[in-house]
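This report concerns only the one structure given below.
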């Protein structure tokens, strides 16, 4: 099921409902072929997360997603011991434990006996696998998405290094666990902060920018099938011009799609200054941006 | 191929990109997997390995174009272009042997010969030079002079090459001659375009963050009183953002710490209820430090410029902590907590400065203010309270009533006095700050944004 060539990637992603640029498909192919993680950067809403989903669909793999945030720790990302279960089991097998230590002469000997049984309590059974451990211990290869990895703490990043370079994690009680199958890893970043050089070195870098006009038009047609050809073209042109304005947050593809969707819902077939002005809150997320667009509305149409 | 990539990598390195050996190796490995003849794929592979952040993408593109387009001989006919490259090399060798005394001349000739490293290095030096040198007055004369020097070297090299091509003693056919001229021309153009290139931060998002931080830095050291109206507005936004950021980081930190490790003691105790079976698991938790803040802010004429800022600070604090009581005063105390709670920031400040029940014509009197506070609000001060007083302590020679401040201190956790005046003039004239100082845990100057920010950071974190 692996990708065979760059063109194969292109075709299969398109089939999965994602229209990649040549660069995206090349990088995805290379990452898949060399089993390296991809670090995806780009403005918000250009389809970074969507790419991961599309890859999962096209490879027919499960997508495991870990949303990163400040304060994310190993217990949330990797694994956690199930204390409740451990304690409950201890209670239930109390009699057995008594049996084991009933013939011992000294306390030290009793402790030794129990220590022999330690493995029973620190075993797979009591580990609760979080996304990262799930991803590497799954029998079938998966797609692992670490979303907004720039929001996580530097400590977490350091701990990702082991996972990303060797695909293994160390659990102190159990030892090192190697990946059963190598997952396809994607990390997305909004450039909230710079990732460390060590992490960047281990990844293949992909920068997704706002798409070319043709690509964007294709995406609109794909995602909003009901839209009229002419309206789609005008709409994409308008969005592209809005992007040229110096806005706090430029509209990206997701905004284009939202806009097209809402125009469709309002049954509007023509883009006039009034229509833009009325539906502006779909495209612009800030009051200042809206005013700026309104002021420059003659440039947009 | 390996050699070509190596050359490109060393070019990138002198131009400021950081490319490790491992990345070069990765790239070479990956190139075996794709169709190298497909330029899009080739470039994507290079870019994926060499430009590892948004900001580097632009520079990479420029270098790529320079190296693989402008510096290459037209690959239409391999044999012919090889011959051409050879001739170019010979010609530049001749030019290089000419007597000259400028090191940049070598760099330019190397560039023309297809080896752009030296020139790129020099350009990088010029572009980054201004970052390193701290000059009393900034002017761009140094970099400009350096650029002019390179331009002159390019011109003299152009002349030398042109002369050489005219030279009939050269063993080159006339068609090859015109080809050569064409190539040289292209490369000279490339050299000039490098000269004119100014690095721009690539991505809009990163650019904005930078600009904002830069502005904060520029405005940070200026006293509040010298701000224009627009700058005031901007700074307010900046401070607001900062406070929110701090607030977020605090809340997140507590959210994480809130649920700590397993609390064995408590778990066992609760297990006793179920015959020793630990049905309920207890975790250690870290309680939030619930601090209360009481602020007194002087809004009289002497601290007028700072007052707006301070009110802003009050407002932000109120959003940040769950219990804040805000007062403004001149000769008497006015409780503005409700105003801040109900109104949006600008309106609230406007309301306080224009409409609130404050006598703006009165002379500042700290004594009366403190007496009033003692009479009506003393119970606000508890062991958890931080009292922040903002003012210059200029009480128009009235009784300072510093004993009351002493009593207030005894009741609360911390007393902080923020004084917008520079420290040198504390205690001059009618300033009573030295009298009050002995009753405060901390008195700090807070006359510009940086000091204010430092204060907020310490307070919140």
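Chains as they are written, first to last, in our numbering: chain A, 1321 to 1621; chain B, 13 to 473. Beta carbons are placed, not taken as given, at the ideal position from N, Cα and C, and that holds for glycine.
Item                                                                                                                        : Value
Integer-rounded CB distance, given that residue 1506(A) should sit under 8 Å from residue 1372(A)                           : 5 Å
Chain B contact residues for residue 1403(A), given Cβ-Cβ distances below 7 Å                                               : 274 and 293
Residue 1455(A) classed as buried or exposed, judged by whether at least 16 other C-beta atoms fall within 10 angstroms     : buried
Supposed contact pair residue 378(B) and residue 413(B) - C-beta distance, whole angstroms, cut 8 Å                         : 7 Å
Reduced DSSP secondary structure (H/G/I, E/B, other) of residue 1362(A)                                                     : coil
Buried/exposed call for residue 1516(A), threshold 16 Cβ in 10 Å                                                            : exposed
Residue 453(B) (DSSP reduced to helix, strand or coil)                                                                      : coil
Check whether residue 430(B) and residue 385(B) have beta carbons under 8 Å apart                                           : no
Within 8 Å, strictly: CB atoms of residue 1617(A) and residue 1596(A)                                                       : yes
Three-way DSSP call (helix, strand, coil) for residue 1423(A) in this model                                                 : coil
Partners in chain B for residue 1408(A), counting only beta-carbon separations shorter than 9 Å                             : 289, 290 and 291
Cβ-based neighbour list, residue 1546(A), same chain, cut-off 7 Å, excluding 5 preceding and 5 following                    : 1584
Residue 1472(A) burial status per 10 Å Cβ neighbour count (16 or more: buried)                                              : buried
Identified DSSP bridge partners for residue 4(B)                                                                            : Lying outside 13 to 473, the shown extent of chain B, residue 4(B) is not represented and no answer is given.
Three-way DSSP call (helix, strand, coil) for residue 375(B) in this model                                                  : coil
Check whether residue 317(B) and residue 310(B) have beta carbons under 8 Å apart                                           : no
Neighbourhood of residue 456(B) by C-beta, 8 Å cutoff - its chain only, sequence neighbours within 5 removed                : 428, 429, 430, 431, 463 and 467
Proximity below 8 Å, CB of residue 56(B) to CB of residue 1520(A)                                                           : no
8 Å Cβ cutoff, residue 53(B) in contact with chain A                                                                        : yes
Cβ neighbours of residue 1336(A) in the same chain (closer than 7 Å, five flanking residues each side left out)             : 1374, 1377 and 1378
Neighbour-count burial assignment, residue 1525(A), 16 or more Cβ in a 10 Å radius                                          : buried
Coil, strand or helix - residue 27(B) by DSSP                                                                               : coil
Rounded separation between residue 1362(A) and residue 1531(A) - CA only                                                    : 11 Å
Endpoints, beta strand (DSSP E) assigned at residue 1457(A)                                                                 : Not the beta strand (DSSP E): residue 1457(A) falls in the alpha helix (DSSP H), residues 1451-1457.
At least three beta-carbon pairs within less than 8 Å, the stretch 1411-1425 of chain A to the stretch 1458-1478 of chain A : no
Separation of residue 20(B) from residue 1483(A), as counted between CA atoms                                               : 31 Å
Contact set for residue 292(B): own chain, Cβ-Cβ below 6 Å, skip 5 residues either direction                                : 282
Supposed close pair residue 1600(A), residue 1614(A) - CB separation, criterion 8 Å                                         : 7 Å
Helix, strand or coil at residue 76(B) [DSSP, three-state]                                                                  : helix
Residues within the stretch 1602-1614 of chain A neighbouring chain B, beta-carbon criterion of under 9 Å                   : none
Below-8 Å beta-carbon distance, residue 328(B) vs any chain A residue                                                       : no
Closer than 9 Å at the beta carbon, the chain B residues around residue 1418(A)                                             : Per Cβ cutoff of 9 Å: no residues; residue 1418(A) is ~13 Å from chain B at best.
Short CB-CB distance (under 8 Å) between residue 17(B) and chain A                                                          : no
Beta strand (DSSP E) runs contained entirely in the stretch 1472-1504 of chain A, provided each spans 3 or more residues    : 1488-1491 and 1495-1498
Neighbour list for residue 357(B) in chain A, Cβ cutoff strictly below 7 Å                                                  : Ordered by position in chain A, no residue passes the 7 Å Cβ test against residue 357(B), which lies about 15 Å from the chain.
Where residue 82(B) falls: helix, strand or coil (DSSP)                                                                     : helix
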